[in-house]
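*Asks:*
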Amino acid sequence: MKYPHEASLASHPSLPPSSNADESRLLSSPQLLSSQSLLLPPQVASPGMEIDAAVQASSDGRLRTKYDNAVYVVQRAFALYPFEEIAFSFNGGKDSTVLLHLIRAGYYLHKTSSGDEAQINTVQNCPLRTIYFETPCAFPEINSFTYETVSTYGLPLETIRSDFKSGLEGLLKEKSTKAIFIGTRIGDPNAVGQEQFSPSSPGWPPFMRVNPILDWSYRDVWSFLLTCKVKYCSLYDEGYTSIGSIYDTVPNALLSDSSTGNSFRPAYMLSDGRLERAGRAKKTSNKTETNSVASNGMNNAEGEQMISRSASVIVVGDEILFGTVEDKFGAALCKKLHEIGWRVSHVTVVHNEIDSVAEEVERCKSTDDVVFIFGGLGPLHSDVSLAGVAKAFGVHLAPDEEFEEHLSQLIGNSYIGNRNEMALLPEGITELLHHKMLPLPLIKCKNVIILSATNVDELDMEWNCLLDTQESGLLRTKPFVSKHLSTLLPDVKIAPVVAKLCLEFSDVYIGSHRISRTGPLVVSLIGKDYQRVEGAAAKLSGSFEGLFSQVDSCK
Ligand SMILES: Cc1cc2nc3c(=O)[nH]c(=O)nc-3n(C[C@H](O)[C@H](O)[C@H](O)COP(=O)(O)O)c2cc1C
Ligand SMILES: Nc1ncnc2c1ncn2[C@@H]1O[C@H](COP(=O)(O)OP(=O)(O)OP(=O)(O)O)[C@@H](O)[C@H]1O
Ligand SMILES: [Mg+2]
Numbered sequence: 001m002k003y004p005h006e007a008s009l010a011s012h013p014s015l016p017p018s019s020n021a022d023e024s025r026l027l028s029s030p031q032l033l034s035s036q037s038l039l040l041p042p043q044v045a046s047p048g049m050e051i052d053a054a055v056q057a058s059s060d061g062r063l064r065t066k067y068d069n070a071v072y073v074v075q076r077a078f079a080l081y082p083f084e085e086i087a088f089s090f091n092g093g094k095d096s097t098v099l100l101h102l103i104r105a106g107y108y109l110h111k112t113s114s115g116d117e118a119q120i121n122t123v124q125n126c127p128l129r130t131i132y133f134e135t136p137c138a139f140p141e142i143n144s145f146t147y148e149t150v151s152t153y154g155l156p157l158e159t160i161r162s163d164f165k166s167g168l169e170g171l172l173k174e175k176s177t178k179a180i181f182i183g184t185r186i187g188d189p190n191a192v193g194q195e196q197f198s199p200s201s202p203g204w205p206p207f208m209r210v211n212p213i214l215d216w217s218y219r220d221v222w223s224f225l226l227t228c229k230v231k232y233c234s235l236y237d238e239g240y241t242s243i244g245s246i247y248d249t250v251p252n253a254l255l256s257d258s259s260t261g262n263s264f265r266p267a268y269m270l271s272d273g274r275l276e277r278a279g280r281a282k283k284t285s286n287k288t289e290t291n292s293v294a295s296n297g298m299n300n301a302e303g304e305q306m307i308s309r310s311a312s313v314i315v316v317g318d319e320i321l322f323g324t325v326e327d328k329f330g331a332a333l334c335k336k337l338h339e340i341g342w343r344v345s346h347v348t349v350v351h352n353e354i355d356s357v358a359e360e361v362e363r364c365k366s367t368d369d370v371v372f373i374f375g376g377l378g379p380l381h382s383d384v385s386l387a388g389v390a391k392a393f394g395v396h397l398a399p400d401e402e403f404e405e406h407l408s409q410l411i412g413n414s415y416i417g418n419r420n421e422m423a424l425l426p427e428g429i430t431e432l433l434h435h436k437m438l439p440l441p442l443i444k445c446k447n448v449i450i451l452s453a454t455n456v457d458e459l460d461m462e463w464n465c466l467l468d469t470q471e472s473g474l475l476r477t478k479p480f481v482s483k484h485l486s487t488l489l490p491d492v493k494i495a496p497v498v499a500k501l502c503l504e505f506s507d508v509y510i511g512s513h514r515i516s517r518t519g520p521l522v523v524s525l526i527g528k529d530y531q532r533v534e535g536a537a538a539k540l541s542g543s544f545e546g547l548f549s550q551v552d553s554c555k
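Just so you know, the sequence shown maps onto residues 1 to 555 in the numbering used here.
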């Protein structure tokens, strides 16, 4: 077991800089108390209120809201069911660790809600029945963390050594169990159709599944664990982001530390939580072999890198569609994305109309990893980009205090219009991307990034800031390799050979264009695997001995 060490905390983007130095909270953490038992008497270990205090003291408003809702669900469960008929399904994973501390805090609040001083002073650690389905294929680190944690918090453990369904049947026969707390989150394969209180599925023994963290994101989980400074299983510091069995779980290749070659960064460094299960892969032998070897001979890390991510670009501008201004952003961004190994699925120019923006965002947001929008940002009637994004996600625009603060610092009193209007951002889906070079943070709504550049130089600056900011989600992937061959042969002559080549080299993009009607034809071969691109180029020129020559650029 490990503590999230100081350096890790300092580098966590969602933490306020002061959170490391908060000694009073460090001292009230039961984990630190247990490791400092020589310094402090054990009875100081608090029964859950330190969790509440840590979250309430945090400057992360989103975390506080998620926490309040989750703890409310926990308290409702304690109010609805007899305490001895509730169980907590704990397996040492990060989600169930979050749940453990929410239950402790919820129990404390439930017990003290009457405001009775005597109650407040006597409330103990939450003695909730805890069930763990132990299997021989669990990671030893998970097993030891589970056992140590239940012991630290005095939880009565019932270890079940059979599958979930028959284990639960046996449990319910033995002890009346009306509700079970589970750490399921939206995005887990089994979360589909579930709500915070969901009866068990047909065919399963009857009980209420209580899911207090159903709406928590990967990032919320890590914000909570780091803010509360609680222990979590050490595997998460070794690149594991979601833990199943030793046979199907490896560290997440997206956290591979390229500078050291074979070590991994901690789980909380994963910027795109949607990929937390990327480490749930088939493994060929034991745990030390961190990356699986797929049938194509690539290991997991290489495979991840070979998959290019895709982006789309939406330029909002009536002037471009009227032909009075030429769009330079689309082309510039395509080049930049190509340089980091990303594919651009399309560049679209739309009118300055909410519906036009909304329709395009709606189309791109679910098919591309990131969507970029240029233009339509500001206080003018034609600045509709944010309203369009809000409409595409089905949310309202609402005042964003943090953004308003930045705006007022930037434009001060010189702005005479309604400043609030510029600080209206899509509610609940907006993240501000900060960078010391940016006069104003960039706005990111889920996977849509709104760029504020007004020319290509400003775009260069914003792009560099985005690459430097983990939350942008712009991970560098393996760069493309290109080869350009030129020939004076007519199209009809090479067409059948190129068509066959496309089938044989389906992982290589093969395209062609002419610089002029009578000039040479340039065939471009672009891919991520150097050998394959070389192979395709050799095959093409070999088919027309001496009639193709290599060119450096496709222009
Ligand atoms: C306490 C408990 C209750 C469960 N109840 C149900 C259920 O009602 N219906 C169901 O299909 N699966 C149920 N499951 C199985 C889970 O849906 C899921 O398979 C399990 O949590 C493993 O998740 P993982 O594949 O992400 O490791 C339950 C699991 C546990 C631990
Ligand atoms: N072996 C188990 N014993 C008890 N509860 C379990 C077990 N496996 C899963 N659960 C319950 O199902 C929940 C969801 O499991 P899941 O694997 O998605 O999350 P986790 O294990 O907490 O974290 P991670 O996603 O990092 O593995 C757990 O939080 C826990 O409540
Ligand atoms: Mg798990």
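Glycine residues also receive a C-beta, built at the ideal position from the N, C-alpha and C atoms.
Remember, it's a predicted structure, so these values are computed and weren't measured experimentally.
1. Taking the alpha-carbon of V347 as reference, which of P206, V316, F480 and G323 has the nearest alpha-carbon?
2. Given that a residue counts as buried once 16 or more other Cβ atoms are within 10 Å of its Cβ, and exposed if not, what is H101?
3. Comparing alpha-carbon positions, which option in V210, P205 and S176 lies nearest A191?
4. Measure the alpha-carbon distance for I160 versus F78 and round it to whole angstroms.
5. Assuming the contact rule is C-beta atoms closer than 8 Å, S96 and G167 should be a hit. Round their C-beta distance to whole Å, please.
6. From what residue to what residue does the alpha helix (DSSP H) around Y147 run?
7. If we count the other Cβ atoms within 10 Å of its Cβ and call it buried at 16 or more, is N91 buried or exposed?
8. When the Cα of K328 is compared with those of G378, D457 and D383, which residue comes out closest?
9. Please confirm if S271 has its CB atom under 8 Å from at least one CB of chain C.
10. Work out the CA separation of G239 and P266 for me, nearest whole Å.
11. CB of S242 to nearest heavy atom of ligand 3: below 7 Å?
12. Comparing the CB of L99 with every heavy atom of ligand 5, is any distance shorter than 7 Å?
13. Which residue comes first and which comes last in the beta strand (DSSP E) that contains G511?
14. For the beta strand (DSSP E) that A87 lies in, which residues bound it at each end?
15. Short check: CB of G279 to CB of N262, under 8 Å?
16. If you measure from each residue's Cβ to the nearest non-hydrogen atom of ligand 1, which ones come out under 7 Å, in chain order?
17. Taking only three categories from DSSP, how would you classify M208?
18. Just verifying my parser: in three-state terms, what is the DSSP assignment at V357?
19. Terminal residues of the continuous alpha helix (DSSP H) containing L337?
20. Please report the straight-line C-alpha distance between I354 and W216, rounded to a whole angstrom.
21. State the Cα-Cα distance for the pair K165 and L171, rounded to the nearest angstrom.
22. Short of 7 Å in beta carbon distance, which residues of its chain neighbour H406, apart from the five on each side in sequence? Order them along the chain.
23. Does L254 come out as helix, strand or coil in the three-state DSSP assignment?
24. Under three-state DSSP, which class holds H484?
25. Do you know offhand how far R76's Cα is from H434's?
26. Mind checking who R129 pairs with in its DSSP beta bridge?
27. Hey, out of S176, R274 and F133, whose CA is closest to R185's CA?
28. With a cut-off of 8 Å, do at least 3 Cβ pairs link the stretch 384-402 to the stretch 420-431?
29. Would you say K328 touches ligand 2, meaning its beta carbon is less than 7 Å from a heavy atom?
30. Quick check on DSSP: helix, strand or coil for H435?
31. Thinking C-alpha only, which one of N121, K175 and P47 is nearest T152?
32. Mind checking which residues open and close the beta strand (DSSP E) that includes H75?
33. Excluding the 5 residues flanking S516 on each side, which residues of the same chain have their C-beta closer than 7 Å to its C-beta?
34. Just how far apart, CA to CA, sit L424 and H110?
35. Based on Cα-Cα distance, which residue from E134, K178 and G330 lies nearest to A311?
36. Heavy atom of ligand 2 less than 7 Å from the Cβ of D383, yes or no?
*Replies:* In short:
1. Counting from 1 along the sequence shown, the entry for residue 347 is found at position 347. Comparing Cα positions, the closest option is V316.
2. For the purposes of this step, residue 101 is taken as residue 101 along the sequence shown, with counting starting at 1. It counts as buried.
3. Mapped onto the sequence shown, residue 191 falls at position 191. Residue V210 is the option with its Cα nearest to A191.
4. Locating residue 160 in the sequence shown gives position 160, where the first residue counts as 1. Locating residue 78 in the sequence shown gives position 78, where the first residue counts as 1. Their Cα atoms are separated by approximately 24 Å.
5. On the sequence shown, residue 96 is found 96 positions in, with the first residue counted as 1. On the sequence shown, residue 167 is found 167 positions in, with the first residue counted as 1. Incorrect: roughly 16 Å between the Cβ atoms, too far for contact.
6. Within the sequence shown, numbered from 1, the residue matching residue 147 stands at position 147. From DSSP, the alpha helix (DSSP H) with Y147 extends over P140 to T152.
7. As a working mapping, residue 91 is identified with position 91 in the sequence shown. Classification of N91: buried, given that the 10 Å Cβ count is 16 or more.
8. As a position in the sequence shown, residue 328 is number 328, starting the count at 1. Closest by alpha carbon: D457.
9. In summary, chain C is missing from the structure at hand, where a single protein chain is found.
10. Residue 266 sits at position 266 when you count from the first residue of the sequence shown. Residue 239 sits at position 239 when you count from the first residue of the sequence shown. Taking the straight line joining both Cα atoms gives about 5 Å.
11. Looking up residue 242 in the sequence shown gives position 242. Yes, the Cβ of S242 comes within 7 Å of a heavy atom of ligand 3.
12. Absent from the structure shown: ligand 5. Ligands present: ligand 1, ligand 2 and ligand 3.
13. Within the sequence shown, numbered from 1, the residue matching residue 511 stands at position 511. Looking at the DSSP string, the run of the beta strand (DSSP E) that includes G511 is Y509 to R514.
14. Along the sequence shown, read from residue 1 onward, the residue named residue 87 stands at position 87. A87 -> beta strand (DSSP E) spans I86 to S89.
15. Locating residue 279 in the sequence shown gives position 279, counting from the first residue. Locating residue 262 in the sequence shown gives position 262, counting from the first residue. Contact flag unset, no.
16. Spelled out in chain order, the answer is S89, I131, F133, F164, L168, I180, I182, T184, D188, P189, N190, S200, S201, W204, R209 and G244.
17. Indexing the sequence shown from 1 puts residue 208 at position 208. DSSP, read as helix, strand or coil, puts M208 in strand.
18. Mapped onto the sequence shown, residue 357 falls at position 357. Three-state result, V357: helix.
19. In the sequence shown, counting from the first residue as 1, residue 337 sits at position 337. Counting along the chain, the alpha helix (DSSP H) containing L337 begins and ends at F329 to E339.
20. By one-based count along the sequence shown, residue 354 stands at place 354. By one-based count along the sequence shown, residue 216 stands at place 216. About 30 Å.
21. Here residue 165 refers to the residue found at position 165 when the sequence shown is read from its first residue. Here residue 171 refers to the residue found at position 171 when the sequence shown is read from its first residue. If you take the alpha carbons of K165 and L171, they lie about 10 Å apart.
22. Here residue 406 refers to the residue found at position 406 when the sequence shown is read from its first residue. Within the same chain, H406 has close Cβ partners L440 and P441.
23. Counting from 1 along the sequence shown, the entry for residue 254 is found at position 254. Here L254 sits in helix by DSSP.
24. For the purposes of this step, residue 484 is taken as the residue at position 484 of the sequence shown. Three-state DSSP puts H484 in a strand.
25. Position 76 of the sequence shown holds residue 76. Position 434 of the sequence shown holds residue 434. The straight-line gap from Cα to Cα measures roughly 38 Å.
26. Translated into the one-based positions of the sequence shown, residue 129 becomes position 129. Per DSSP, the beta bridge partners of R129 are A87.
27. To locate residue 185, count along the sequence shown from 1; it is residue 185. It is R274.
28. yes
29. To locate residue 328, count along the sequence shown from 1; it is residue 328. No, the beta carbon of K328 sits no closer than 7 Å to any heavy atom of ligand 2.
30. Indexing the sequence shown from 1 puts residue 435 at position 435. Note: H435 maps to coil in three-state DSSP.
31. As a position in the sequence shown, residue 152 is number 152, starting the count at 1. Ranking N121, K175 and P47 by Cα distance to T152 puts P47 first.
32. If you number the sequence shown from 1, residue 75 lands on position 75. Contrary to the premise, residue 75 reads as Gln rather than His in this sequence. In this chain, Q75 is not harboured by any beta strand (DSSP E); it is covered by the alpha helix (DSSP H) spanning G61 to L80.
33. Position 516 of the sequence shown, counted from the first residue, corresponds to residue 516. Its chain contains no residue whose beta carbon lies nearer than 7 Å to that of S516 once the 5 sequence neighbours on both sides are disregarded.
34. As a first step, residue 424 must be located in the sequence shown, where it is residue number 424. As a first step, residue 110 must be located in the sequence shown, where it is residue number 110. The alpha-carbon atoms of L424 and H110 are separated by roughly 37 Å.
35. Working through the sequence shown from its first residue, we reach residue 311 at position 311. Among E134, K178 and G330, the Cα nearest to that of A311 belongs to G330.
36. Here residue 383 corresponds to residue number 383 of the sequence shown, with the count starting at 1. Outside the cutoff, so no.
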